[in-house]
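**Student:**
Protein chains: 4
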Amino acid sequence: MSIRLLLSGGTIDKHYKMYNGELMFEESHIREALEQGRCTADIVIQPVMLKDSLDMTEADRELIAQACRESAESRLVITHGTDTMVATAGVLARQGLGEARTIVLTGAMVPYIMKHSDALFNLGCAVMAVQCLSPGIYIAINGEVFSWDNVTKNLDLLRFEALN
Amino acid sequence: MSIRLLLSGGTIDKHYKMYNGELMFEESHIREALEQGRCTADIVIQPVMLKDSLDMTEADRELIAQACRESAESRLVITHGTDTMVATAGVLARQGLGEARTIVLTGAMVPYIMKHSDALFNLGCAVMAVQCLSPGIYIAINGEVFSWDNVTKNLDLLRFEALN
Amino acid sequence: MSIRLLLSGGTIDKHYKMYNGELMFEESHIREALEQGRCTADIVIQPVMLKDSLDMTEADRELIAQACRESAESRLVITHGTDTMVATAGVLARQGLGEARTIVLTGAMVPYIMKHSDALFNLGCAVMAVQCLSPGIYIAINGEVFSWDNVTKNLDLLRFEALN
Amino acid sequence: MSIRLLLSGGTIDKHYKMYNGELMFEESHIREALEQGRCTADIVIQPVMLKDSLDMTEADRELIAQACRESAESRLVITHGTDTMVATAGVLARQGLGEARTIVLTGAMVPYIMKHSDALFNLGCAVMAVQCLSPGIYIAINGEVFSWDNVTKNLDLLRFEALN
């Protein structure tokens, strides 16, 4: 079962820049994370962008939609910042991309490079969800899976929740 | 969606004993791992035993089967040593425990306490698989999910593979 | 041999804020680091401030000098940002604080909270240097110890070097 | 200031073998640890053996003594298991190897490969002690430095202590 994993950035993939002491994007850590997970699933990694999701424009979301549309694989995982993950999921859904594809967005609250990161757990969730679920657009995080139209990020508790 | 997580030990949960420098079992690290994963799924953790799966007897497997049978939750994750994970899955299947329950076994090749552990990834896989799959007995590891009767541990490559 | 450890912040002690995804200061991680190092040396930890050393003012450096002056212990370690560590060392030296005290500044290029941090190594260096060296003002980092007036941070190589 | 670092094994350098789930020796992790510490000190690493110090024979200690004797550098760090570190230090001392050399033994209670290892802290201590101390045979661990003839491993508290 082939999976395409689209990289769009987000906290999960932030890199620590020693030159200025800030968290920025440089190279993705997702391949290394999958290796740590000893993942043998058939996954093609495709970098689309590496951005903080608060900085994403509609043009950026369109690039992600296009990558989904052009994907030879009908099962896609997208790593994404948590702040606008729901917005991107909505763009994909409204373009009908979930009709014949299983698309699972995931991310992390703590970058993979940090000791107590949730990145590896969330990646495991997303890689499994994309293989098990029927076509649709989903967010897999916090050990749960949500439909794109029934989820919100609780900014106080810093977790995703179903709307109803 | 309530999940029962049965602890049976295995490499995933090994503890380092400073007194003798050996890896043994003491307390489980699974709750800490789920917290690192910021898991908000409704999970009840039930310790059944903490054993190397090579040391498990038929009586031990019966204890695990009994815990499945008595579980109020019909979705169960079992952390287990990789060496006899397939054998335990077979015992559960032959007792018909997968007819009305989704049971997912997982484990790790590298203990959670080590820097490059696959434990968190595998736990994410198992927690997601148990929520997405219909009743049956499965093994979720290496970013893949296998039916209990179509999987083997490749002892050379140290990974799980489908039989056909 | 009693040691006073003054906290002033710096990269070594940066904390990851999940609310905004930035590295900021909150609580110090130095006590946890010393516990990880199983350090049994007699160390009193005194927070003076938690600041990026680029944000330190002369008033801040004066606070650090005052803490040295008032210290009952004549052996002091100061955790400090690397960017102006040499400047602070100079302030302490010019106030004559190194005449009867062994003062060792240290820090890190990668925060303690990150997987590949140099913090623990540098802390080991500083804790040892402060016990072994005669009175003076020193910087211990990169596995080396420098006199305050013969050291510079190489901003290209991101390491400390002797001036001559 | 050139330093020779002799590897003899011990907990600090234990490797996790996925094939049998045991901690054994394979390749040393000390170079990687020094890189994590961003150590720029001039250090030559010389593997002598990789052994649990409980398995060391008098012939093994003689090999270590010989490596000290033949070292072009008069400053030596020896990584060593903690259980017989004091015995090896005594062998070196009684051969007069500390008369013109500064020799510092160190090790760890938790292997470098584990998340909460004290290895990096102890290495920092040893690398600094060997540069700061006058000739003699020392053990640097727990953030302290002990003379070879005034130290014991407290087997209950799992820490080193001065005899008097």
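Chains as they are written, first to last, in our numbering: chain P, 109 to 272; chain U, 109 to 272; chain F, 109 to 272; chain D, 109 to 272.
Where is the CB? At the ideal position from N, CA and C, for every residue including glycine.
1. Below 8 Å on the Cβ atoms is my guess for P:T148 versus U:N250; work out the distance and round it to an integer in Å.
2. Can you round the beta-carbon distance between D:D191 and D:S225 to whole angstroms, since I take them to be within the 8 Å contact cut?
3. Run through chain P and tell me which residues come within less than 7 Å of U:L241, C-beta to C-beta.
4. Return the residues of the region 118-152 of chain P that lie within a Cβ-Cβ distance of less than 8 Å from chain C, sorted by chain order.
5. Measuring alpha carbon to alpha carbon, tell me which of F:K125, F:V152, F:L114 and F:L200 ends up nearest F:L158.
6. What in chain U is Cβ-close to D:I221, meaning under 8 Å?
7. Tell me the rounded alpha-carbon separation between F:A208 and F:R146.
8. Classify U:A248 as helix, strand or coil using the three-state DSSP reduction.
9. So the candidates are U:G244, U:E134, U:G118 and U:G117; which of them puts its Cα closest to the Cα of U:K279?
10. According to DSSP, F:T210 sits in a beta bridge with which residue or residues?
11. How many Å lie between D:I245 and D:A173 at the Cα?
12. Here's the rule I'm using: 16 or more other beta-carbon atoms within 10 Å means buried, otherwise exposed. How should D:R183 be labelled?
13. Run through DSSP, which three-state label would F:G198 get?
14. What are the residues of the region 149-178 of chain U that lie near chain P, defined by any Cβ-Cβ distance shorter than 7 Å?
15. If you pair each beta-carbon of the region 256-268 of chain F with each one of the region 174-181 of chain F, do three or more pairs fall below 8 Å?
16. Please classify D:S136: does DSSP put it in a helix, a strand, or coil?
17. Just how far apart, CA to CA, sit P:M109 and D:K223?
18. Let me make sure I understand the geometry here. Which of U:L205, U:D121, U:T187 and U:L142 has the alpha-carbon closest to that of U:I221?
19. Check for me: the beta strand (DSSP E) holding U:L115 runs from which residue to which?
20. Would D:S252 count as contacting chain F if we go by Cβ distances under 8 Å?
21. Measuring alpha carbon to alpha carbon, tell me which residue in D:E178, D:T196, D:D150 and D:A180 is nearest D:G118.
22. Taking the Cβ atom as the reference point for each residue, do D:T214 and D:A248 lie within a distance shorter than 8 Å?
23. Should P:T165 go down as buried or exposed, given a rule of 16 or more other Cβ atoms within 10 Å for buried?
24. Count the other CB atoms within 10 Å of the CB of U:M132; is the residue buried (16 or more) or exposed (fewer)?
25. Assuming F:T199 and F:V235 make a contact with CB atoms under 8 Å, what is their CB distance in whole Å?
26. Starting from D:P155, follow its DSSP beta bridges and name the residues at the other end.
27. Could you tell me which chain D residues have their CB closer than 9 Å to the CB of U:M109, listed as they occur along the chain?
28. Residues of chain P with CB under 7 Å from F:M217, in chain order?
29. Which of the three DSSP states is assigned to P:M222 in this structure?
30. Please report the distance separating the alpha-carbon of F:E178 from that of F:R112.
31. Which of the three DSSP states is assigned to U:V259 in this structure?
32. Can you check DSSP and say which residues form a bridge with P:Y124?
33. Tell me which residues share the same chain as U:L266 and place their Cβ nearer than 8 Å to its Cβ, disregarding the 5 neighbours each side in the sequence.
34. Could you tell me the boundaries of the alpha helix (DSSP H) in which D:R169 lies?
35. Could one say the Cβ of D:L228 lies closer than 8 Å to chain U's Cβ atoms, at least one of them?
36. Can you confirm whether D:L184, when its beta carbon is compared against all beta carbons of chain U, has any partner nearer than 8 Å?
**Tutor:** If we stick to the structure as given:
1. As a working mapping, residue 148 of chain P is identified with position 40 in the first sequence. As a working mapping, residue 250 of chain U is identified with position 142 in the second sequence. Rounded, the Cβ-Cβ distance is 4 Å, consistent with contact.
2. For this step, residue 191 of chain D is matched to residue 83 along the fourth sequence. For this step, residue 225 of chain D is matched to residue 117 along the fourth sequence. At roughly 17 Å, the Cβ-Cβ gap does not stay under 8 Å, so D:D191 and D:S225 are not in contact.
3. Here residue 241 of chain U is taken as the residue at index 133 of the second sequence, counted from 1. Result: C240.
4. The structure shown contains no chain C; its protein chains are P, U, F and D.
5. For the purposes of this step, residue 158 of chain F is identified with residue 50 of the third sequence, where counting begins at 1. For F:L158, the nearest C-alpha among the options comes from F:L114.
6. Mapped onto the fourth sequence, residue 221 of chain D falls at position 113. Within 8 Å Cβ-Cβ: M222, K223 and H224.
7. What you label residue 208 of chain F is simply residue 100 of the third sequence in a count that begins at 1. What you label residue 146 of chain F is simply residue 38 of the third sequence in a count that begins at 1. Cα to Cα, the separation comes out at about 29 Å.
8. Counted from its first residue, the second sequence places residue 248 of chain U at position 140. Reduced to three states, the DSSP call for U:A248 is strand.
9. Nothing in the structure corresponds to residue 279 of chain U, since chain U is present only between 109 and 272.
10. On the third sequence, residue 210 of chain F is found 102 positions in, with the first residue counted as 1. DSSP lists F:R183 and F:G244 as partners of F:T210.
11. For the purposes of this step, residue 245 of chain D is taken as residue 137 along the fourth sequence, with counting starting at 1. For the purposes of this step, residue 173 of chain D is taken as residue 65 along the fourth sequence, with counting starting at 1. Rounded to the nearest angstrom, the gap between the Cα atoms of D:I245 and D:A173 is 12 Å.
12. If you number the fourth sequence from 1, residue 183 of chain D lands on position 75. So D:R183 counts as buried.
13. Walking along the third sequence from the start, residue 198 of chain F turns up at place 90. Of the three classes helix, strand and coil, the one that applies to F:G198 here is helix, per DSSP.
14. Those would be A149, in chain order.
15. No: the two stretches stay apart, fewer than three of their Cβ pairs being nearer than 8 Å.
16. The residue labelled residue 136 of chain D in the question sits at position 28 within the fourth sequence. In this structure, D:S136 counts as coil in the three-state DSSP scheme.
17. Start at 1 with the first residue of the first sequence, and residue 109 of chain P comes out as number 1. Start at 1 with the first residue of the fourth sequence, and residue 223 of chain D comes out as number 115. Approximately 34 Å between the Cα atoms of the pair.
18. As a working note, residue 221 of chain U is residue 113 in the second sequence. That would be U:D121, whose Cα lies nearest to the Cα of U:I221.
19. What you label residue 115 of chain U is simply residue 7 of the second sequence in a count that begins at 1. Counting along the chain, the beta strand (DSSP E) containing U:L115 begins and ends at S110 to G117.
20. Here residue 252 of chain D corresponds to residue number 144 of the fourth sequence, with the count starting at 1. The displayed chain sequence assigns Glu, not Ser, to residue 252 of chain D. Cβ-Cβ to chain F under 8 Å: yes for D:E252.
21. Here residue 118 of chain D is taken as the residue at index 10 of the fourth sequence, counted from 1. It is D:T196 whose Cα lies nearest to the Cα of D:G118.
22. Locating residue 214 of chain D in the fourth sequence gives position 106, where the first residue counts as 1. Locating residue 248 of chain D in the fourth sequence gives position 140, where the first residue counts as 1. Yes. Within cutoff.
23. Start at 1 with the first residue of the first sequence, and residue 165 of chain P comes out as number 57. Exposed is the call here.
24. For the purposes of this step, residue 132 of chain U is identified with residue 24 of the second sequence, where counting begins at 1. Exposed, because fewer than 16 other Cβ atoms sit within 10 Å of the Cβ of U:M132.
25. Within the third sequence, numbered from 1, the residue matching residue 199 of chain F stands at position 91. Within the third sequence, numbered from 1, the residue matching residue 235 of chain F stands at position 127. Going by the sequence as given, residue 199 of chain F is Val instead of Thr. That belief does not hold up - the Cβ atoms of F:V199 and F:V235 are roughly 23 Å apart, past 8 Å.
26. As a working mapping, residue 155 of chain D is identified with position 47 in the fourth sequence. The partner list for D:P155 (beta bridge, DSSP) reads D:L115.
27. Start at 1 with the first residue of the second sequence, and residue 109 of chain U comes out as number 1. Here the premise fails: no neighbours, minimum Cβ distance about 31 Å.
28. In the third sequence, the residue the question calls residue 217 of chain F occupies position 109. The answer, in chain order, is M126.
29. Residue mapping note: residue 222 of chain P aligns to position 114 of the first sequence, counting from 1. Strand.
30. Here residue 178 of chain F is taken as the residue at index 70 of the third sequence, counted from 1. Here residue 112 of chain F is taken as the residue at index 4 of the third sequence, counted from 1. Pairing F:E178 with F:R112, the inter-Cα distance amounts to about 11 Å.
31. Stepping through the second sequence from its first residue, residue 259 of chain U is reached at position 151. Coil, per DSSP.
32. What you label residue 124 of chain P is simply residue 16 of the first sequence in a count that begins at 1. In DSSP, P:Y124 forms a bridge with P:L131.
33. Locating residue 266 of chain U in the second sequence gives position 158, where the first residue counts as 1. Once the five neighbours on either side are set aside, the close Cβ partners of U:L266 are M217.
34. If you number the fourth sequence from 1, residue 169 of chain D lands on position 61. That run of the alpha helix (DSSP H) goes E166 to R177.
35. Counting from one through the fourth sequence, the residue named residue 228 of chain D turns up at place 120. Answer no: the Cβ-Cβ gap between D:L228 and chain U never drops below 8 Å.
36. Here residue 184 of chain D is taken as the residue at index 76 of the fourth sequence, counted from 1. For D:L184, the answer is no, since every Cβ of chain U falls outside 8 Å of its Cβ.
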